[in-house]
Each structure stands twice: as structure tokens, then as C-alpha cells.
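Participant: Below is one structure. I have some questions about it.
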Amino acid sequence: MKKNVLLKDVAKVIRSKNAGPFEITLDIILKNKSEYQKLKSSGVINKELIADLYHLPIDKIIHFVYFDAANAIKITIPRPRPQGSVGEIDMHAAQQHVPLMNILIR
Amino acid sequence: MKKNEIRILTPTAMLGYGFPEKWFNKGLEMEPDVIAVDSGSTDSGPHKLGLGDMTCSRDAYYRDISKLLKAVYDQKIPLFISSAAGAGTNEQVDTFLHIIKEISKKNDYHFNIAAIYSEIDKDFVKNKLQNNKIKPCGLVDELTEEEIDLATTIVAQMGVEPYIKILEEKKDIDIIISGRTYDPVPIAAMGIKNNFNPGLCWHLGKIMECGALCAEPAGKVIFGILKKDHFKLIPLNPDNKCTESSVAAHTLYEKSHPYILRGPGGVTDLTETTFNQLDERTVKVKGSKFIPDKKYNIKLEGAKKVGFRSIFIAGMRDPIAIKNIDEIINHVKKDVEENFNDIPKADYKMIFHLYGKNGVMGEHEFQKDFIPLELGIILEVLAPEQELSEAICSRARTELLHAPYEGRIATAGNIALPFTPLEINLGHVCSFNVYHLMEIDNPISLFPIKYLEV
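From first to last, the protein sequence lines are chains D and P.
Numbering (my numbering) for the first sequence: 117 to 222.
Numbering (my numbering) for the second sequence: 12 to 465.
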């Protein structure tokens, strides 16, 4: 039986972080060029999926960009609330990457 | 003298966090032309601009600056420090100047210093607003005169121009301390002044302002060598390695877009950048380009006070109570509203943080099919006065302790409270309300320069 492969199995880095006080940026860096190319050409990770995982309308995604030099995908989305103010739950937005970890990539 | 390379030593990503002297001293042996370090960020929240708080304690800055000044004095290496004390307000620039004066007096050092200030007069900002020269930087609301007045102070991120002016005017400058500054500036300044490729200068600045975070494993002290058509990055701790992938990956860090980096006066474009391994620990970067904007924009930053916060911290272990947590919280909220019905509901906020349920990801939490063993509960109350936020917090805490719920058999109390005082007052809450781009004509005149000798 074919074994399921999750994003966390092929990624070296999956992280989230503020990009200024009003945006969260998600970085996915693959372990090597070959995994990166496979993932990029498969199109498994796309705007629809991110919108679904983060409960966002698709047009709210600010950037969805492949960065070949780093074998990386960068996705930037709005912060659910302005940084460091009322109701803040993650000042640096450093723990908002978890929904990406178990994306089934093949 | 025409330089064919610029050698830059950066001790750490954030002045005040401390740095290992051993590796810093090793960097000094490599004959740097400048020591450059950033001290600012909006990343730890709006209270620094809203209240004038510093990122680190005065003592922490004193220690780090002491280590740097010794090198500046003994080896005559210029020192550039940007975004003094976190927010880079005028007061924070002066705090750094005082620290330098104290250390110099104690050690009998003598320096030529330039200070650059970055607070922007509110009337100037209002005038720009009236002339449609201000637009949101990203997702923030449009600026209004009211929000300008509400901001405690407004600073602007300066570009490299004030640094260049100082380097041209004062050949023997030892130290530059600047207020709020685009992070890469102190690292890029000497290269740009000496007509190196600005794309490389900015990209080098963007990487090195985070110290050796671009290495594997991440380190602190880093050395950069800028040449005419490339730059090299060498982490000073021999356990850290800069690799093609670690440096390329760092280019992504904390930024909205991976290869278009917006800054004051233009864009650094990394579309054609290449990363090459030179030896096990050194990476060479080339191909980065700078594209100047037609109109010069600077980023304004400001924060306002929005009220006072009180919290309590509690734990819940009873499985029947945990099963009924939503019902319990609704009961508490309703009870507080009834008890404080003389105050409009819009005047205060109660936000329950439920650790064990969705405390970390909030509305982004995707896993819902589990029952937690324990819940960590923090109630956050915001109100116009501290006494009121405390009173609401206290009322909510007692009600949470005794709230009825279906199937309750533990009738003595619903929560476990670890600390006294049970309510904790957290003082002012601030919020970023100015985060806008302002079009300007002169990137030097907005940032007054003061020269002094110690």
C-alpha cells in the first residue's frame, strides 16, 4: 500500500511570523530541489487550500509566491487582529503554521 | 580613498539582547570598516510607541554598548546603531546618548557622535494628509486627523540619506545613533556612500540586520564583505554555517514577499539573485538589484492608548465542567453584563483565552474533535479605567468559580487559581494606529541631525 506523505515529511521549515503588525507570513521550505519541484508541479498547495485552512475568502490572500532560490513557498495573509492589542493570542504569530504541517501532498 | 570592498561586523540581531564577546572579538580581528547593529522592531508590540517603553532594560543596553565602545575607541572603527531602544523615539535616542556619555566618562573615551532624530511633527503629517500624500501601508485603515492626534508619538523610518549626509560632512565620525530607521540602513550605508551596487548593499543589510540568523544553526555575530559585484557572509561562531539554502531561506524571514523588498525610496528586487557556496561556512550572493521609486515614500509608525487591561489566570480539571465550558462562559458574561448594567456594553471587553481548546490559534484552530484533560483559562478585560477593568475581572472570576452548570457535582469551586493577587492589572493597552506611507520631497530634512563630542 502506498504510504501517505505529509508536508511536514518533506519540508525543512514550516513557520509563521508577523510581517509587520497587520500581516502573517507563512514560509514552507522544502528539504531539497527535487521535493520542491515535485510539490510545485503538483499544485497540491494552492490558494484555495490556504483559504480553506485559514478560513479566509480567497481574495484576502495577500501573496502566494514560489521562491525557487530557496525551494520555498511564501504565503502572506491578514492578521486576524492587529498585533499586540486587545485580544492578542500570538504576539509574533509564531504558532500559526500548524494547519500546514499535515497537508497530504501525495 | 576609493574602496574596493567594505567590511562590516554585526554583533547581534538586536542590541540589548547580549552577544558573545569571543566571536565579536574574532570579527574585530578581521578588520571591519564599520560595526553596524539594529536596535528596533515593531515585532514586540505597540506599547513601545504608545508608552515610550524600551525593548530592553537600560542596564542591558549599557552592557552591550560598553562592549562596542571599547572596540570603537581602541581600534577606531565607526559604530552605527539604528532605531535606538526599540521604537527610536527622540527620547530613546537621547537615552542612548546618555549611556554613551556615561561609559565614555568612566573609561576616558572621546568620540565624535552624530544623532539623527525621527519623530515627525503631527501638524506636518496632517498637512500631508490634507494633500493626499499619505496612504495605508498594507491592511491598516486610512489615516485621519483624529488618529494622528490620538497617537502618542509618530516616528518615520528614515532611509540611508541622513547617514550619507553625516559621512560626507564628518569624515572623522565615530558613532551614529539614529532614531527609527529602515532596518538595513546602518549596514548598507557605507556601501551606498562609496558607490557600491545599492541592490547588493540593501540585500546585505536585509540579511545582516538579523545578525547570524541566516546561518545553520542560527547564530549572532556575522561578518559581511561587500564587493563591487557580490557580497560574502561569514558567521563568526565556527559552529554556525552559512549555506546557500540557509541564506536564501533567510531572505524570506518576516517579510511579506520573498523577492520584492520595499524600503524607503525604492525596491530591492531579488528575482535574479544567486547564492553560491564558497566554502563550508561562507556564501556568496550576487544579482540583487535596487529600483528607485519615482516618488520617495517613508513609512510612518505610531500607536495610541486604547484602555486598561486586567487579567486573571485559572485552571480547570473537572471533566464535567470542561464539557460544559461554553455554557459556563456564557453564564459568566451574562452575569457581568447584569452587574455592570450602568456601563454601556461597548465600553468594556471580556475575552476568554482557553488554553487546551483554542488558546493559541483562536479562530484558525482546525482541530475540534477532542476533549481536553485540562483547560488553562485567562480572562482578559479591557476598560477605560484600570479600577473598572479590575472590578469587572474580579466579578467574572468569582462568578466563574461558582457558576452552575449541568451535572455539577464539584460544588466548592470550578477553577484552580495559582496566584495571588487573583486579579492582575496590566496597565495601558496600546494599538498601532499609524502604519502609513507618506510621500516626501526631501529624505534628509525631515530627520534632524545633531553633532556632539564626548
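Positions of the beta carbon are idealized from the N, C-alpha and C atoms, including for glycine.
Please state whether DSSP places Gln103 of chain P in a helix, a strand or coil.
Facilitator: Helix.
Participant: Identify whether Val258 of chain P lies in helix, strand or coil by the three-state DSSP scheme.
Facilitator: Looking at Val258 of chain P - three-state DSSP - the assignment turns out to be helix.
Participant: My output table needs one value for Ile455 of chain P: the three-state DSSP class, helix, strand or coil.
Facilitator: Of the three classes helix, strand and coil, the one that applies to Ile455 of chain P here is coil, per DSSP.
Participant: Can you tell me where the beta strand (DSSP E) holding Gln288 of chain P begins and where it ends?
Facilitator: Note, Gln288 of chain P: beta strand (DSSP E), 285-290.
Participant: Quick check: is the beta carbon of Lys190 of chain D nearer than 8 Å to any beta carbon in chain P?
Facilitator: It does; some Cβ of chain P falls within 8 Å.
Participant: Since Leu384 of chain P is in the alpha helix (DSSP H), which residue starts that stretch and which ends it?
Facilitator: First-last for Leu384 of chain P: undefined, no H or E at that position.
Participant: Helix, strand or coil: which one does DSSP assign to Asp11 of chain P?
Facilitator: Summary: the structure shown does not reach residue 11 of chain P, with chain P confined to residues 12 through 465, and so no result is reported for it.
Participant: Candidates P:Ile309, P:His375, P:Lys356: which alpha carbon is nearest Ile451 of chain P's?
Facilitator: It is P:Ile309.
Participant: Considering Val83 of chain P, what are the terminal residues of the alpha helix (DSSP H) in which it resides?
Facilitator: Note, Val83 of chain P: alpha helix (DSSP H), 69-86.
Participant: Helix, strand or coil for Gly97 of chain P, going by three-state DSSP, please let me know.
Facilitator: Here Gly97 of chain P sits in coil by DSSP.
Participant: Tell me which residues share the same chain as Ser456 of chain P and place their Cβ nearer than 8 Å to its Cβ, disregarding the 5 neighbours each side in the sequence.
Facilitator: So no residue of the chain qualifies.
Participant: What is the rounded straight-line gap between the Cα of Ile145 of chain D and the Cα of Leu108 of chain P?
Facilitator: The straight-line gap from Cα to Cα measures roughly 42 Å.
Participant: For Leu90 of chain P, I'd like the list of residues in its chain whose CB is within less than 6 Å of its CB, leaving aside the five on either flank, ordered along the chain.
Facilitator: Excluding sequence neighbours, Leu90 of chain P sits near Ile46, Leu79, Val83, Ile186.
Participant: Under 8 Å by Cβ, that's how I've got Arg191 of chain P and Ala167 of chain P pegged, so tell me the actual separation to the nearest angstrom.
Facilitator: The Cβ separation is near 6 Å, so the contact holds.
Participant: Using a Cβ-Cβ cut-off of 6 Å (strictly less than) and excluding sequence neighbours within five positions of Lys146 of chain P, which residues of its own chain qualify?
Facilitator: Cβ within range, chain order: Leu448.
Participant: Nearest chain P C-beta to Ile205 of chain D closer than 8 Å, yes or no?
Facilitator: Output row for Ile205 of chain D: interface = yes.
Participant: Quick check on the burial criterion: 16 or more other C-beta atoms within 10 angstroms. Buried or exposed for Ala200 of chain P?
Facilitator: It is buried - the Cβ of Ala200 of chain P has at least 16 other Cβ atoms within 10 Å.
Participant: Roughly how many angstroms separate the alpha carbons of Ala325 of chain P and Pro415 of chain P, rounded to a whole number?
Facilitator: Computed Cα separation, rounded: 17 Å.
Participant: Would a C-beta distance cut-off of 8 Å place Lys59 of chain P and Ala98 of chain P closer than the cut-off?
Facilitator: For Lys59 of chain P and Ala98 of chain P, yes; Cβs fall inside 8 Å.
Participant: For the pair the segment 17-35 of chain P and the segment 170-190 of chain P, tell me if three or more CB-CB distances fall below 8 Å.
Facilitator: Judged by Cβ distances under 8 Å, the segment 17-35 of chain P makes no contact with the segment 170-190 of chain P, as fewer than three pairs qualify.
Participant: Should His439 of chain P and Phe363 of chain P be called a contact, given that it needs their Cβ atoms to be closer than 8 Å?
Facilitator: No, these two residues do not count as a Cβ contact at 8 Å.
Participant: Any Cβ of chain D within less than 8 Å of the Cβ of Ser267 of chain P?
Facilitator: Cβ-Cβ to chain D under 8 Å: yes for Ser267 of chain P.
Participant: For Val278 of chain P, go through chain D and note every residue whose CB falls closer than 8 Å to its CB, in chain order.
Facilitator: What Val278 of chain P touches in chain D: nothing, since even the nearest Cβ is about 14 Å away.
Participant: Quick check: what's the CA-CA separation for Pro246 of chain P versus Pro215 of chain D?
Facilitator: Cα to Cα, Pro246 of chain P sits roughly 33 Å from Pro215 of chain D.
Participant: Could you say which of P:Ile333, P:Arg419, P:Ile426 lies nearest to Thr409 of chain P if we only look at CA atoms?
Facilitator: The shortest Cα separation from Thr409 of chain P among P:Ile333, P:Arg419, P:Ile426 belongs to P:Ile426.
Participant: Where do the ends of the beta strand (DSSP E) carrying Arg273 of chain P lie?
Facilitator: From DSSP, the beta strand (DSSP E) with Arg273 of chain P extends over 271-274.
Participant: With the cut-off set at 8 Å, would you say Leu411 of chain P and Ile322 of chain P are in Cβ contact?
Facilitator: Not a contact, by the Cβ cut-off of 8 Å.
Participant: Which of the three DSSP states is assigned to Tyr264 of chain P in this structure?
Facilitator: DSSP places Tyr264 of chain P in coil when its eight states are reduced to three.
Participant: Within 10 Å of its beta-carbon, does Lys368 of chain P have 16 or more other beta-carbons around it, so buried, or fewer, so exposed?
Facilitator: Buried, by the Cβ-count rule.
Participant: Please determine, among P:Ser68, P:His413, P:Arg419, P:Ile435, the residue with the shortest C-alpha to C-alpha distance to Cys404 of chain P.
Facilitator: Answer by Cα proximity: P:Ile435.
Participant: Which residues in chain P sit within 9 Å of Phe180 of chain D, going by Cβ to Cβ distance?
Facilitator: The contacting residues do not exist; Phe180 of chain D stays about 10 Å from chain P at best.
Participant: Measure the CB-CB distance between Asp280 of chain P and Lys266 of chain P and report whether it falls below 8 Å.
Facilitator: No. Outside cutoff.
Participant: Give the single residue among D:Ala210, D:Glu204, D:Arg222, D:Gln212 whose Cα lies nearest to the Cα of Pro57 of chain P.
Facilitator: Pro57 of chain P has its Cα closest to that of D:Glu204, out of D:Ala210, D:Glu204, D:Arg222, D:Gln212.
Participant: Would you say Val371 of chain P faces chain B, with C-beta separation under 8 Å as the test?
Facilitator: This model lacks chain B altogether; the protein chains it does include are D and P.
Participant: Compute the distance between the beta-carbons of Ala185 of chain D and Thr284 of chain P, then report whether it is under 8 Å.
Facilitator: Yes, these two residues count as a Cβ contact at 8 Å.
Participant: Using the Cα positions of Tyr128 of chain P and Asp44 of chain P, report the straight-line distance between them to the nearest angstrom.
Facilitator: The alpha-carbon atoms of Tyr128 of chain P and Asp44 of chain P are separated by roughly 24 Å.
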